[in-house]
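Numbering (the working numbering), first residue to last: 1 to 286.
Note that the Cβ used here is the ideal one computed from N, Cα and C, for glycine as well.
In what follows, a structure is listed as structure tokens, so that the remarks can point back to it.
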């Protein structure tokens, strides 16, 4: 997800266009490099007893299907002239004189950014000639992230995703919490009974982890809650619900990516003093 955020920051800072495309039945496009056999499908009258079918193309359910599809897509992009990033394999870049196009791939979803409308259109037509593509137009929604762009900024939020979490935990009618975590909590030394529905706790914490992509204000508390994934206690569950109540007060809050970015790396951090009651170690957050 950091790659997605960086991709968007570069696009807004350079004032590039952002488009999105989707591949229909992407996994069916892959070419198998191994011999794979399957039973004769039911009601296939031409089959003889003891015969099996040899697959010529990848199918959904095969363990090698995702690799086959990505290899096919990467080959098509490279044929067009794209270079694949050595650090982020799903990122491809294309340049010709002063024209630039970047492509970020997530399974069958593609984000396209560039500084030339005609070049982007030509590239879209090329993709459509290779695969069954759906042009989704200007980027507005990607991986559960709502994207709103102005002339100078991009705003990322996960409002629908947040409301789904609130609804699934049954807290639509609850009073919002003013902050996500009590400062002097005793979660690390809790002796409360173990929480019965461990899978539910893990599911909520996992969803909060994904939400933290656009909600850095819950990053620390999510990190704390994730320490008890294996054996959560009842007060750990209550702490997770408190985070959800906190989100209820501002479900549409997100992050703003500004075009004034100067591409200078800046870091900051904050630390407490010996807050852990077990080790008396300090917690660092940055």
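- Message: Measuring straight from C-alpha to C-alpha, what distance separates residue 94 and residue 126?
- Response: Against the chain shown, residue 94 aligns to sequence position 94. Against the chain shown, residue 126 aligns to sequence position 126. Distance between the alpha carbons of residue 94 and residue 126: 14 Å.
- So, do the stretch 218-238 and the stretch 160-176 have three or more beta carbon pairs nearer to each other than 8 Å? no
- Message: Comparing C-alpha positions only, which one of 139, 204, 89, 198 sits nearest to residue 245?
- Response: Taking the first residue of the chain shown as position 1, residue 245 is located at position 245. Out of 139, 204, 89, 198, 204 has the C-alpha closest to the C-alpha of residue 245.
- Looking at C-beta atoms only, is the number of pairs between the stretch 138-156 and the stretch 250-267 that lie closer than 8 Å three or more? yes
- Task: Would you list, in sequence order, the uninterrupted beta strand (DSSP E) runs of no fewer than 3 residues that lie entirely inside the stretch 111-156?
- Result: 133-138, 145-149
- Query: Would you call the stretch 43-63 and the stretch 76-91 in contact, with 3 or more CB pairs under 8 Å?
  - Reply: no
- Pick helix, strand or coil for residue 229, following the three-state DSSP scheme. Numbered from 1 along the chain shown, position 229 holds the residue referred to as residue 229. Coil.
- Where residue 209 sits in the DSSP three-state scheme: To locate residue 209, count along the chain shown from 1; it is residue 209. Residue state, collapsed to three classes: helix.
- Query: Under the rule that 16 or more other beta-carbon atoms within 10 Å means buried, what is residue 261, buried or exposed?
  - Reply: On the chain shown, residue 261 is found 261 positions in, with the first residue counted as 1. The residue in question, residue 261, is exposed, as its Cβ has fewer than 16 Cβ neighbours within 10 Å.
- If we call anything under 9 Å between Cβ atoms a contact, is residue 195 one with residue 26? Taking the first residue of the chain shown as position 1, residue 195 is located at position 195. Taking the first residue of the chain shown as position 1, residue 26 is located at position 26. No.
- Kindly examine the ligand FMN and report whether one of its heavy atoms sits closer than 8 Å to the Cβ of residue 179. Summarising the ligand content, the structure contains no ligands, and the ligand FMN is consequently not present.
- Task: Using the Cα positions of residue 123 and residue 134, report the straight-line distance between them to the nearest angstrom.
- Result: As a working mapping, residue 123 is identified with position 123 in the chain shown. As a working mapping, residue 134 is identified with position 134 in the chain shown. Spanning the two alpha carbons is a distance of roughly 13 Å.
- Query: With DSSP run on the structure shown, which of helix, strand or coil describes residue 287?
  - Reply: For the chain, the structure presents residues 1 to 286; residue 287 sits outside this window and is missing.
- Kindly indicate which three-state DSSP category residue 195 falls into: helix, strand or coil? The sequence position of residue 195 within the chain shown is 195, counting from 1. Coil at residue 195, not helix or strand.
- Round the Cβ separation of residue 187 and residue 217 to the nearest angstrom and send it over; I've been treating them as touching at under 8 Å. The sequence position of residue 187 within the chain shown is 187, counting from 1. The sequence position of residue 217 within the chain shown is 217, counting from 1. At roughly 18 Å, the Cβ-Cβ gap does not stay under 8 Å, so residue 187 and residue 217 are not in contact.
- Message: For residue 138, count the other beta carbons within 10 Å of its own beta carbon; 16 or more makes it buried, fewer makes it exposed. Which is it?
- Response: The residue labelled residue 138 in the question sits at position 138 within the chain shown. The residue in question, residue 138, is exposed, as its Cβ has fewer than 16 Cβ neighbours within 10 Å.
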